[in-house]
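Chemist: Numbering (full-length UniProt numbering), first residue to last: 1 to 280. Sharing a structure with you now.
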């Protein structure tokens with residue numbers, strides 16, 4: 001009888017988990033910042049690609065907020081009937097290009113030819129990340145697709161070896177690296193099981209107010225007041241084009257900003273506007 005209840009629990013958990021094919025926003029994993037939490041040898045490390053996060057739920061592509069991505073049918077035709085997690089990427093410094101494609105309800109077939117779907121996980125609540133890496137690598141390589149590729153994972157023994165790889169990524173125009181705890185199972189939400197290692201950190205915040213500009217920005221927006229997901233409120237006055245100062249991010253919208261660590265009061269240092277996240 002105990003065995004029956006055990007397997008019933010597993011089945012219920014599976015279909016109630018982020019791996020079931022619901023229409024709601026998928027419960028993806030979100031990374032914390034790398035601060036040498038554990039020895040480097042306990043992680044698998046990969047390049048961090050600045051693309052649009054895309055989850056294949058076995059039937060359709062979605063953003064991490066659950067918005068449908070209207071990719072061409074030829075792009076998704078070979079994808080398997082199981083969950084995959086990855087980035088839609090079209091080369092370095094091309095986030096805006098991919099983001100504009102993802103927002104379209106009618107796919108631009110020519111421009112989608114430039115996009116790759118780079119897979120970094122095959123979520124499964126019963127497997128460690130090390131096992132999931134082997135799984136997604138086998139699945140994606142078996143597709144024999146020119147636009148769907150597995151992201152390689154590397155093992156390093158020391159921080160010096162990690163930094164060598166990190167610097168190589170930055171030299172070729174990359175954003176940084178990701179560290180996945182090898183023995184960790186999938187855990188939805190913000191988790192230290194996944195860490196991002198970047199020269200600058202980024203985060204999201206909600207626009208609370210527009211502050212008037214002075215001097216050369218007279219009559220335009222000078223800065224915005226934002227609130228982070230942790231409830232920290234501060235102003236951002238750099239990183240904006242003149243066009244954005246004339247038509248600033250709407251109040252209530254979500255923006256991504258870059259910063260260089262925190263002050264002793266917990267506020268981002270040298271915060272700079274990066275982009276409007278919109279509903280992605």
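Glycine included, every Cβ here is placed at the ideal spot set by N, Cα and C.
Give me the Cα-Cα distance between residue 80 and residue 263, rounded to the nearest whole angstrom.
Modeler: Here residue 80 corresponds to residue number 80 of the chain shown, with the count starting at 1. Here residue 263 corresponds to residue number 263 of the chain shown, with the count starting at 1. Computed Cα separation, rounded: 46 Å.
Chemist: Are there three or more Cβ pairs, one per stretch, closer than 8 Å when the region 125-141 is compared with the region 176-195?
Modeler: As far as the Cβ criterion goes, the region 125-141 touches the region 176-195, which means the pair count is three or higher.
Chemist: For residue 273, collect the residues of the same chain with a Cβ closer than 6 Å to its Cβ; drop the 5 residues on either side in sequence, then sort them by chain order.
Modeler: Numbered from its first residue, the chain shown carries residue 273 at position 273. Within the same chain, residue 273 has close Cβ partners 236, 239, 240, 257.
Chemist: What is the rounded straight-line gap between the Cα of residue 43 and the Cα of residue 180?
Modeler: Here the question's residue 43 lines up with position 43 in the chain shown. Here the question's residue 180 lines up with position 180 in the chain shown. The straight-line gap from Cα to Cα measures roughly 5 Å.
Chemist: Counting C-beta neighbours from all protein chains within 10 Å, is the total for residue 86 16 or more, i.e. buried, or is it exposed?
Modeler: For the purposes of this step, residue 86 is taken as the residue at position 86 of the chain shown. By the 10 Å Cβ count, residue 86 comes out buried.
Chemist: Take the Cβ of residue 207 as the centre, count every other Cβ of all protein chains shown within 10 Å, and call the residue buried at 16 or more, exposed below.
Modeler: Counted from its first residue, the chain shown places residue 207 at position 207. Result: buried.
Chemist: Tell whether a beta-carbon distance below 8 Å holds between residue 165 and residue 33.
Modeler: As a first step, residue 165 must be located in the chain shown, where it is residue number 165. As a first step, residue 33 must be located in the chain shown, where it is residue number 33. No. Outside cutoff.
Chemist: Kindly give me the distance between the Cβ atoms of residue 203 and residue 225, rounded to whole angstroms, as I take these residues to be in contact under 8 Å.
Modeler: Looking up residue 203 in the chain shown gives position 203. Looking up residue 225 in the chain shown gives position 225. No, residue 203 and residue 225 are not in contact; Cβ-Cβ is about 15 Å, not under 8 Å.
Chemist: Can you tell me which residues form a DSSP beta bridge with residue 255?
Modeler: The residue you call residue 255 lines up with position 255 of the chain shown. In the DSSP output, where bridge partners are listed per residue, residue 255 has 205, 276.
Chemist: Under the three-state reduction of DSSP, which class applies to residue 170: helix, strand or coil?
Modeler: Counted from its first residue, the chain shown places residue 170 at position 170. Three-state result, residue 170: helix.
Chemist: Would DSSP call residue 69 helix, strand or coil?
Modeler: Taking the first residue of the chain shown as position 1, residue 69 is located at position 69. DSSP places residue 69 in coil when its eight states are reduced to three.
Chemist: Got a sec, what are the start and stop residues for the beta strand (DSSP E) residue 151 sits in?
Modeler: The residue given as residue 151 occupies position 151 in the chain shown. No beta strand (DSSP E) contains residue 151, which DSSP labels as neither H nor E.
Chemist: Would the beta-carbon of residue 71 fall within 8 Å of that of residue 107?
Modeler: Here residue 71 refers to the residue found at position 71 of the chain shown. Here residue 107 refers to the residue found at position 107 of the chain shown. Yes, Cβ-Cβ distance for residue 71 and residue 107 is below 8 Å.
Chemist: List the endpoints of the continuous alpha helix (DSSP H) containing residue 100.
Modeler: On the chain shown, position 100 is the one that residue 100 refers to. First-last of the alpha helix (DSSP H) with residue 100: 95-102.
Chemist: Heavy atom of the ligand GDP less than 7 Å from the Cβ of residue 70, yes or no?
Modeler: Among the components of this structure there are no ligands whatsoever, and the ligand GDP is therefore not found.
Chemist: Give the DSSP-derived three-state secondary structure of residue 117 in the structure shown.
Modeler: Counting from 1 along the chain shown, the entry for residue 117 is found at position 117. Note: residue 117 maps to strand in three-state DSSP.
Chemist: State yes or no: is the C-beta of residue 89 within less than 8 Å of the C-beta of residue 116?
Modeler: As a first step, residue 89 is located in the chain shown; it is residue number 89 there, counting from the start. As a first step, residue 116 is located in the chain shown; it is residue number 116 there, counting from the start. Taking 8 Å as the Cβ cut-off, residue 89 and residue 116 qualify as a contacting pair.
Chemist: When the distance is taken between beta carbons, is residue 148 closer than 8 Å to residue 78?
Modeler: Within the chain shown, residue 78 is the residue found at index 78, counting from 1. Within the chain shown, residue 148 is the residue found at index 148, counting from 1. Yes, these two residues count as a Cβ contact at 8 Å.
Chemist: Can you check DSSP and say which residues form a bridge with residue 91?
Modeler: Mapped onto the chain shown, residue 91 falls at position 91. Answer is none; residue 91 lacks a bridge partner.
Chemist: Whole angstroms is fine: what's the gap from residue 248's alpha carbon to residue 152's?
Modeler: Sequence index remark: in the chain shown, residue 248 carries index 248 (1-based). Sequence index remark: in the chain shown, residue 152 carries index 152 (1-based). The straight-line gap from Cα to Cα measures roughly 39 Å.
Chemist: For a test of the three-state rule: what should DSSP assign to residue 246, helix, strand or coil?
Modeler: Here the question's residue 246 lines up with position 246 in the chain shown. Correct three-state label for residue 246: helix.
Chemist: With burial defined as no fewer than 16 other Cβ atoms inside 10 Å of the residue's Cβ, what is the status of residue 109: buried or exposed?
Modeler: The count along the chain shown starts at 1 and reaches residue 109 at position 109. Label assigned to residue 109: exposed.
Chemist: Using DSSP's beta-bridge definition, name the partner residues of residue 47.
Modeler: If you number the chain shown from 1, residue 47 lands on position 47. Its beta-bridge partners are 177.
Chemist: Check whether the Cβ atoms of residue 255 and residue 205 sit closer than 8 Å, and answer yes or no.
Modeler: Stepping through the chain shown from its first residue, residue 255 is reached at position 255. Stepping through the chain shown from its first residue, residue 205 is reached at position 205. Contact: yes.
Chemist: Whole angstroms is fine: what's the gap from residue 105's alpha carbon to residue 253's?
Modeler: Indexing the chain shown from 1 puts residue 105 at position 105. Indexing the chain shown from 1 puts residue 253 at position 253. C-alpha separation (whole angstroms): 21 Å.
Chemist: If distances are taken between C-alpha atoms only, which option among 69, 65, 174, 101 comes closest to residue 59?
Modeler: To locate residue 59, count along the chain shown from 1; it is residue 59. Of the listed residues, the one whose Cα sits closest to residue 59 is 69.
Chemist: Within 10 angstroms of its Cβ, does residue 270 collect 16 or more other Cβ (buried), or is it exposed?
Modeler: Within the chain shown, numbered from 1, the residue matching residue 270 stands at position 270. Under this definition residue 270 is an exposed residue.
Chemist: Would you list the one or two residues that DSSP bridges to residue 226?
Modeler: As a working note, residue 226 is residue 226 in the chain shown. Beta-bridge pairing links residue 226 to 207, 234.
Chemist: Put residue 132 into one of helix, strand or coil per three-state DSSP.
Modeler: On the chain shown, position 132 is the one that residue 132 refers to. Looking at residue 132 - three-state DSSP - the assignment turns out to be helix.
Chemist: Is the beta carbon of residue 267 less than 8 Å from the beta carbon of residue 232?
Modeler: Indexing the chain shown from 1 puts residue 267 at position 267. Indexing the chain shown from 1 puts residue 232 at position 232. Cβ atoms of residue 267 and residue 232: closer than 8 Å.
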